[in-house]
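In our numbering, the protein residues as written are 52 to 258.
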């Protein structure tokens, strides 16, 4: 009798399930299918967002990697030579990331003058200067954020009363012209693959 009593609750549960109407079952199934469809839609929306954000996250990763490489150079300048002795493969990778000896930035500016009313962006070194009968040209190079340098100069020229014109723009380089009362300064900013930027300023020479 005790064994039979164990099945009484199960029989009652089955009996209650049998009393549920077919309409109620259909409503339950419809709600379950709707919940599954909602989860599927949310998953597709998440995948679409990740796909759209992938380029931005990739670019942010590149900038982060460039900053890390810069910090690596400053904190451990002799590590590259040590790596060369035991890991040729790592050496080749470092050579792609870090500038070679022939591409090292000069410690000091070359002779010449800076161009324009905007003070030079911190960290840039003047690597070239030329003057002829019509123009003055100065070039600078250094490790810095492309976006930060561009924003610095566009805001600086605007504060000095110059009107900005975008001449060309591409992911690797942009050219802008700043004009004020007949005076024009052409700015070209180039992004290098090794994490450096190159800035060129050209203006008309004073007579």
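For each residue, glycine too, the CB sits at the ideal point set by N, CA and C.
Counting C-beta pairs closer than 8 Å gives fewer than three between the segment 173-180 and the segment 213-229, which falls short of the contact rule.
Per the coordinates, the alpha-carbon of residue 181 lies some 24 Å from the alpha-carbon of residue 195.
For residue 159, the CB contacts under 8 Å within the same chain, skipping 5 residues up- and downstream, are 176 in chain order. Counting only the Cα atoms, residue 253 lies some 14 Å from residue 208.
In the three-state reduction of the DSSP assignment, residue 96 falls in the helix class, which pools H, G and I.
Under the three-state reduction of DSSP, residue 240 is assigned to strand. According to the DSSP assignment, residue 176 belongs to the beta strand (DSSP E) that extends over 176-182. Between residue 190 and residue 251, the C-beta gap is smaller than 8 Å, which places the two residues in contact.
Residue 84 counts as exposed, since fewer than 16 other C-beta atoms from the protein chains shown sit within 10 angstroms of its C-beta.
Contact annotation: residue 164 and residue 204 have beta-carbon atoms that are not nearer than 8 Å. Boundaries of the beta strand (DSSP E) harbouring residue 216: 214-221, taken from the DSSP string. In chain order, 165 place their CB closer than 6 Å to the CB of residue 171, counting only its own chain and leaving out the 5 sequence neighbours on each side. Pairing residue 201 with residue 214, the inter-Cα distance amounts to about 15 Å. Of the candidates 223, 95 and 211, 223 places its Cα closest to the Cα of residue 247.
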